[in-house]
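Residue 50 in the numbering used here sits at position 31 of the sequence shown; the count goes up by one each step and never skips.
For each residue, glycine too, the CB sits at the ideal point set by N, CA and C.
Keep in mind the model is a prediction, meaning the values are calculated, not measured.
Notes follow the structure.
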Amino acid sequence: MLKINDIGPQHYRDAMAHFAGHVHVVTTDGPGGKRGATVIAACSVSDTPPTVLVCLNRENAK
Numbered sequence: 020m021l022k023i024n025d026i027g028p029q030h031y032r033d034a035m036a037h038f039a040g041h042v043h044v045v046t047t048d049g050p051g052g053k054r055g056a057t058v059i060a061a062c063s064v065s066d067t068p069p070t071v072l073v074c075l076n077r078e079n080a081k
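And the structure:
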């Protein structure tokens with residue numbers, strides 16, 4: 020897994036420019052266990068630190 024400091028701002032911007040409109044895979048590992056979802060709506064929020072916004076519907080996770 021990449022850490023925030025592994026991706027520079029320019030590299031992040033370049034990557035986001037190539038992936039707009041594609042399917043993204045979002046994963047997490049927390050107290051509830053490992054989870055993942057595919058999303059088609061995602062947008063860049065910031066390049067320092069690299070941040071992407073996705074909206075997930077809890078009802079679809081069932």
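- Do A56 and L75 have their C-beta atoms within less than 8 Å of each other? yes
- C-beta atoms of V42 and I59 nearer than 8 Å: Taking 8 Å as the Cβ cut-off, V42 and I59 qualify as a contacting pair.
- Query: By DSSP, does H37 sit in helix, in strand, or in coil?
  - Reply: helix
- Are there 16 or more other CB atoms within 10 angstroms of the CB of P68, so buried, or fewer, so exposed? exposed
- Between the C-alpha atoms of S63 and D33, what's the straight-line distance to the nearest angstrom? 11 Å
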